[in-house]
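Here the numbering used here runs 791 ahead of the position in the sequence shown, where the first position is 1.
Where is the CB? At the ideal position from N, CA and C, for every residue including glycine.
Every value quoted in this text rests on a predicted model; they were computed, and no experiment measured them.
Report on the structure given below.
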Amino acid sequence: MDRIRKFLLISIDCWRYDALSRTNARFNTPKFDLLTQDFSLAERFFVTAPATRPSHTSLFTGLYPFEHGLYGQTYLKMFAGLPNLFQLFADAGAEVMGRSERPDVFRFLDFESFITPIDPRAKAQYLGSLEDLIAWMDHPSATRQFGFIHFWYTHGGYGLGGIRSAPNLRDWVDQGRAEEALRFYYAAVSHVLEFSLVEILKRASLDEWAIFILGDHGEGFCEEIMAHGDTLHQNVLHVPLLAHIPGRGKIEFPEGPVSMIDLFPTITKLAGIDVDYRGYGANLLGSPHAFENRWVLSELDSLYGIGFLTPSNLQTDSSRVTSRVSMDRVEIEKYPDGVRLWSITDGQQLYRENEATGDFVRRDVMSGEGLPCHTPDEFRSIYNAIRANSNYQNPEKQEASTEEAAILEARLRDLGYIE
Ligand SMILES: [Zn+2]
């Protein structure tokens, strides 16, 4: 098979699984549906983290948060020396473009310099023009290209800011009016799909471009979680992945779960880029055996909070970030309510555990219905095996904070590696 020369990754922030006409009959996006009718939908696609920074870092490295170092949203840097898709394509001579409606959310990450505003002239990115970005797609067909586009309009206020008598959606959800609240969220997603994406997709010849459209995490809109950063919940972990690869027809996604970490090996393979990748991600077009009996991991760590987007982070010179959790060699402030959670899913059931308390839940990942769980050890041993068998152990010891070192030591003791 010929190598694919052109790749476009489109990330829609907070895009959850039911914000799509294929999964929700009330979703009205006829132009987007026509343009993506030959795209395949992965029905069991899960993110590695319910937060923008760690989730995208998994997309670009093919690694779980505990492997790439961004344990949570407010960790500052990745572990050193990990290949990322932007750099790999740039090194391979491709034209590389990253555009975001919120580029500063990627500050201090290895691929930060590749991601610029969607419209360099616009102050508010959602009011900007797509023309500059679309012009980038007009390279001759022989040119290698790698593009990433990130939409933020779907995040947080969903475009409600500044609207007179705008409702408080959290109050509505608390009052049992989640369906009404969701209409505003769905409207923001429709706006992105049915205008911005439509205009981009019109320009992309499907004979040339491999295109992946995905959510970096979903959004709660339920009693347990309103937004996305507070817990590991099916509404935030299960998101759409639409994929089109030239010349491959419909993609038969595996029965088992597909994870954000699978895109790195899939894309590098399609592009013919040689990279020493030893993560858990599997090529989506490779052997289906790689997906049998598979459990995929998601992690949440809010020990340093969940709000990265503060002036002190956004206006700080990169040179002042002296480790993953320190500036000017001083550890950043801890978040008093911080937690560490992990969850695993096989695409049918979700098991979640609080690392400090051992509290756990098991539920049907599609319906969210609670399931009995008499044997948490079964799930703990799956998780422990993922941690213990990872080929990316060493970075964790590179520059662990005191607390991280203590957590790691406790885990290794639990696993019987140290006395
Ligand atoms: Zn996000």
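{"Query": "Bridge partners - H930, DSSP secondary structure assignment", "Result": "DSSP output for H930 lists no bridge partner at all."}
{"Query": "Alpha helix (DSSP H) segment containing N1175, residue limits", "Result": "1167–1180"}
{"Query": "4 or more residues per run - each alpha helix (DSSP H) lying fully within the stretch 1081–1138", "Result": "1102–1105"}
{"Query": "Inside the stretch 801–881 only - beta strand (DSSP E) runs reaching at least 3 residues", "Result": "831–833"}
{"Query": "Inter-residue spacing [alpha-carbon to alpha-carbon] between M869 and F897", "Result": "11 Å"}
{"Query": "Touch test, the stretch 801–814 against the stretch 1030–1040, Cβ-Cβ under 8 Å, three pairs minimum", "Result": "yes"}
{"Query": "Local Cβ density within 10 Å of E1043, reported as buried at 16 or more and exposed below that", "Result": "exposed"}
{"Query": "Spatial neighbours of F905 in its chain, beta-carbon cut-off 7 Å, leaving aside the 5 residues before and after", "Result": "F877, V887, G889"}
{"Query": "9 Å Cβ cutoff met for D1007 and S802", "Result": "yes"}
{"Query": "Heavy atom of ligand 1 within 8 Å of C805 beta-carbon", "Result": "yes"}
{"Query": "Y1142 - partner residues in DSSP beta bridges", "Result": "I1135, R1153"}
{"Query": "Unbroken stretches of the beta strand (DSSP E), 3 residues or longer, contained in the stretch 928–981", "Result": "936–942"}
{"Query": "Chain D within 9 Å of P911, Cβ atoms only", "Result": "Going by chain labels, chain D is absent from the structure shown, which holds only one protein chain."}
{"Query": "Environment of V1121 [buried if 16+ CB atoms lie within 10 Å]", "Result": "exposed"}
{"Query": "L1061: first and last residue of the uninterrupted alpha helix (DSSP H) it sits in", "Result": "1054–1062"}
{"Query": "Cβ-heavy atom distance, A883 to ligand 1, below 8 Å", "Result": "no"}
{"Query": "Any non-hydrogen atom of ligand 1 closer than 8 Å to D1007 Cβ", "Result": "yes"}
{"Query": "Cβ neighbour criterion (16 or more within 10 Å) applied to D998", "Result": "exposed"}
{"Query": "Nearest-angstrom Cβ-Cβ length linking P1167 and L1023, presumed shorter than 8 Å", "Result": "Not a contact, Cβ separation roughly 15 Å."}
{"Query": "Check: T1219 C-beta below 8 Å from any heavy atom of ligand 1", "Result": "As shown, the chain starts at 792 and ends at 1210. That puts residue 1219 outside it, with no answer to give."}
{"Query": "Contact test: H1024 Cβ vs ligand 1 heavy atom, cutoff 8 Å", "Result": "no"}
{"Query": "The stretch 1139–1156 in contact with the stretch 1059–1067 per 3-pair CB rule at 8 Å", "Result": "no"}
{"Query": "Neighbourhood of S831 by C-beta distance below 6 Å, restricted to the same chain and skipping five residues each side", "Result": "A1034, K1041, I1042"}
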